[in-house]
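Numbered continuously in my numbering, the sequence shown closes out at residue 81.
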Amino acid sequence: LAILPKHSFRSSNWLSILSNQPKLQQQIWQVIARALSVNRLAQQAEISSDRLRTSQVTMLLGENGEVEFTDYGVKFWFDVT
Numbered sequence: 001l002a003i004l005p006k007h008s009f010r011s012s013n014w015l016s017i018l019s020n021q022p023k024l025q026q027q028i029w030q031v032i033a034r035a036l037s038v039n040r041l042a043q044q045a046e047i048s049s050d051r052l053r054t055s056q057v058t059m060l061l062g063e064n065g066e067v068e069f070t071d072y073g074v075k076f077w078f079d080v081t
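In structure tokens:
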């Protein structure tokens, strides 16, 4: 899973391409994911101002935002969305 910065692909040109052509949008995310050697893509957003500071990450490619990694022998799991 790679998370793109919140301002990525937000120019008027990109918004025009991505909003009007869903098939092309999916192809673009697949090319970017392949270039980054991942199979899922997400985009950052502002952290919610609620008491839990809930993540507002949006999945662009892939079904879920679950991430698992091991650090010093301890397995961690969380959902970035």
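Even for Gly, the Cβ is constructed at its ideal location relative to N, Cα and C.
query = Under the DSSP definition of a beta bridge, which residues are partnered with Trp-77?
reply = Answer is Glu-68.
task = Return the bridge partner residues of Leu-41 from the DSSP annotation.
result = Per DSSP, the beta-bridge partners of Leu-41 are Ala-2, Leu-61.
Sufficient close CB pairs (3 or more, under 8 Å) joining the segment 26–35 to the segment 43–51 = No, because fewer than three Cβ pairs between the segment 26–35 and the segment 43–51 fall closer than 8 Å, the two stretches do not touch.
ask   = How many angstroms separate the CA atom of Ser-12 from the CA atom of Gln-25?
value = Pairing Ser-12 with Gln-25, the inter-Cα distance amounts to about 15 Å.
message = Buried or exposed for Val-74, going by 16 or more other Cβ atoms inside 10 Å?
response = Val-74 counts as exposed, since fewer than 16 other C-beta atoms from the protein chains shown sit within 10 angstroms of its C-beta.
task = Would you check if the distance between the CB atom of Gln-4 and the CB atom of Gln-43 is smaller than 7 Å?
result = The question names Gln, but residue 4 is Leu in the sequence shown. Between Leu-4 and Gln-43, the CB-CB gap stays under 7 Å.
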